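Residues in the sequence shown are numbered consecutively from 1, following the UniProt record's numbering.
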Amino acid sequence: ASECPSLLSTTAEDSLGGMSWMSRCGGEREEEIVRFGFEVLYRDSWAGHRIYTAFKEVLGSAMHHHLQSNELLRDIFGLGPVLVLDATALKACKVPRFEKHLYNTATFKARTKARSRVRSKRADIL
């Protein structure tokens with residue numbers, strides 16, 4: 001039986017060429033979740049991780065866009081056909097601006113109170 005390499009390189013050529021030894025090494029890995037748009041990609045194998053990393057290095061910040069719309073990538077990662085969402089579906093999933101404002105206001109108030117308590121304790125020490 002051949003041995004598994006102790007160090008993994010992350011270049012695109014090695015990522016796609018190293019699939020044969022990954023199957024011999026067991027291929028198990030902690031599950032990782034990638035969210036893009038309204039979809040989720042679960043990666044739980046070394047092979048899937050290496051392929052994703054290789055594409056991410058090539059595509060960079062456009063990776064999420066390509067996962068949503070590129071049929072080849074969707075086929076490679078087993079995501080199925082491209083989702084077509086109309087304006088009403090997008091609007092239904094979007095959080096209204098006023099709700100965001102209320103959430104941010106409550107968060108800001110809680111943060112301010114917590115800081116105030118810490119400041120008053122510091123003033124007592126000095």
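Just so it is clear, CB atoms sit at the ideal spot from N, CA and C, and this is done for glycine as well. Only a predicted model underlies this, so the values are computations on that prediction, with no experimental measurement involved.
Asked	Found
Thinking just about the alpha-carbon of each residue, which of L79, P96, V118 is nearest to the one in L67?	L79
Have a look at R97 and M63 and give me their C-alpha separation to the nearest angstrom.	27 Å
Is it buried or exposed for L16, if we count other Cβ within 10 angstroms and need 16 for buried?	Interpretation of L16 is limited by its pLDDT of 49, a score under 50 that renders its predicted location unreliable; the figure taken from the coordinates is listed afterwards. Classification for L16: exposed.
So V58 packs on E71, CB below 8 Å; how close in whole Å?	17 Å between Cβ atoms; not a contact.
Can you give, in chain order, each stretch of the alpha helix (DSSP H) that sits fully within the region 66–118 and has at least 4 residues?	71–76, 87–93
Note down the Cα distance separating L102 from E28, rounded to an integer number of angstroms.	43 Å
Reducing DSSP to helix, strand and coil, say where F36 ends up.	strand
Run through DSSP, which three-state label would Y52 get?	helix
Quick check on this structure: which residue in H65, H49, G60 has the alpha carbon closest to the alpha carbon of F36?	H65
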